[in-house]
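Chains as they are written, first to last, in the working numbering: chain A, 607 to 826; chain B, 607 to 826.
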């Protein structure tokens, strides 16, 4: 029987490539998307499209009610403007959601344990910004050790992109023929990617650096 | 200024005593109760009563929507009977909620980070049953190490009852004059404690062993 892995799927470049890569490696993939009060539903639509494309089970969990705990982040509040331009420490701090990675990983772990999956995976990568403390490898290592003990059977925490840049991920995805036109990165909720917010700038750069054709339509 | 601690409050004996003890030690307590699809709301009512008694802030977060992830537990499903009698490995396995402690701790961590609290606390104790893998000290230690790294400022994970029995906790609570009549332990949702389920049996024993007067009204 195939081994199963719960993949945290946001519908962006990284997690979609991760899903494709793990399926290619022979895993039975269960995709998990988490709604936590995003200002738009574009991410979930993209996740659904990717899961459907790869014919994998897709679970969506809505924890928007914890929004009160995540107070102060531009990603969950309508009162705070999304910063434009490139990521910098000062402008992007408003997009930090407190302890988000631990919350998301713990929910992936719950699904893994209940389904007797052997592993969970998420697309932590070397480009993760130093303003996110819970993207540090030291944190991920401790979570990996905790997951080895959270149930009687250890749950493996897979982060195969941990030392990849976003451009490396796109290069790998192009080889895997990931349908990047189905993915969504933009923090704004428009019809098309805005092309100006931090993640759009990153997305554009990743395609440029990997010398791949960007299938995205940008507003700007 | 006082240091702040987020206390996971279920409204039972242990977490209520923990709250009282930390307040006594001079902490500013923020209580956090988590609704995860319990079959009754008695626990939350008890938590509210305790938080009100101690005049501390009380946050309630509803993550009932993750119930699908917790499939198979008697605590969240109406289809599975609550096992009666004393805890034993075989009968109590149906009350195991997958990865519950990590999910709860991660949410407490989110609240702590957003409020700039220095610590989170929960009432892990020596009587925690060996059927709960995420009650093991080895797991708690790894989570403690993860919490030291989840934000730029470390978040301390306090488990002052880790080497106490439930009777030790009640003894300490009696000295602190914890209003145990306001607390709730029973897995059933009746008007009074049933006196027969695993947690009721434990509650009765804890009062007997600590030679304290049990203020609880039992159905049986």
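The beta carbon of each residue, even a glycine, is placed where N, CA and C say it ideally should be.
Just so it is clear, the structure is predicted and the values come from calculations on it, not from any experiment.
Sixteen is the threshold: since fewer than 16 other Cβ atoms of the shown chains lie within 10 Å of the Cβ of residue 823/B, the residue is exposed. Residue pairing for residue 664/A: DSSP places it in a beta bridge opposite 637/A. For the pair residue 672/B and residue 718/A, the Cα-to-Cα distance works out to about 13 Å. In this structure the segment 782-795 of chain B lies against the segment 608-625 of chain B, because at least three pairs of beta carbons, one per stretch, are closer than 8 Å. Rounded to whole angstroms, the gap between the alpha carbons of residue 634/B and residue 791/A is 40 Å.
Contacts between residue 669/B and chain A, judged by CB atoms closer than 8 Å, involve 669, 671 and 672 in chain order. In chain order, 726, 753, 756 and 761 place their CB closer than 7 Å to the CB of residue 715/A, counting only its own chain and leaving out the 5 sequence neighbours on each side. By the CB criterion at 9 Å, residue 629/A and residue 662/A fall inside the cutoff. Counting only Cβ-Cβ distances below 9 Å, residue 808/B has no contacts in chain A at all, with the closest Cβ about 22 Å away.
The beta carbon of residue 649/B sits no closer than 9 Å to any beta carbon of chain A. The contact set of residue 803/B on chain A, defined by CB atoms closer than 7 Å, is empty, because the minimum CB distance reaches about 23 Å. For residue 742/B, at least one C-beta of chain A is nearer than 9 Å to its own C-beta. Chain B has a Cβ within less than 9 Å of the Cβ of residue 757/A. If you ignore the 5 residues before and after residue 655/B, its C-beta comes within less than 7 Å of the C-beta of 788, all in its own chain and listed in chain order. Across the set 723/A, 741/A, 772/A and 811/A, the C-alpha of 741/A shows the shortest separation from the C-alpha of residue 707/A.
Per DSSP, reduced to three states, the secondary structure at residue 784/A is coil, with no helix or strand assignment. Ranked by Cα distance from residue 709/A, the first of 778/A, 795/A and 642/A is 642/A. Under the three-state reduction of DSSP, residue 610/A is assigned to strand. Assigned with DSSP and collapsed to three states, residue 650/B falls in helix.
As for any beta strand (DSSP E) of minimum length 3 sitting wholly inside the segment 740-810 of chain A, the runs are 762-764, ordered along the chain. Of 799/B, 747/B and 775/B, the smallest CA-CA separation from residue 763/B is found for 747/B. Residue contact check for residue 657/B against chain A: no CB pair falls below 9 Å. Neighbours of residue 780/A in chain B, taken as residues at a C-beta separation under 9 Å, are lacking, since the least C-beta distance is about 33 Å. With a beta-carbon spacing of about 7 Å, residue 711/A and residue 728/A fall inside the 8 Å limit used to define contacts. The alpha-carbon of residue 720/B is positioned some 27 Å away from that of residue 768/A. Closest in C-alpha terms to residue 626/A, from the list 801/A, 660/A, 608/A and 650/A, comes 660/A.
In chain order, 704 and 705 make up the part of chain A whose C-beta sits under 8 Å from the C-beta of residue 719/B.
The CB of residue 749/B comes closer than 7 Å to the CB of 752 in chain A, given here in chain order. For residue 725/B, not one C-beta of chain A is nearer than 9 Å to its own C-beta. Residue contact check for residue 745/A against chain B: a CB pair falls below 9 Å. Distance between residue 607/A and residue 821/A, taken at the CA atoms: about 37 Å.
At a C-beta separation below 9 Å, residue 716/B has these neighbours in chain A: 672, 675, 676, 703, 704, 705, 706, 708 and 709. For residue 727/B, there is no enclosing alpha helix (DSSP H); the residue is found in the beta strand (DSSP E) stretching over 725-727.
Under the Cβ distance rule, residue 766/A does not count among the residues neighbouring chain B, no pair being separated by less than 9 Å.
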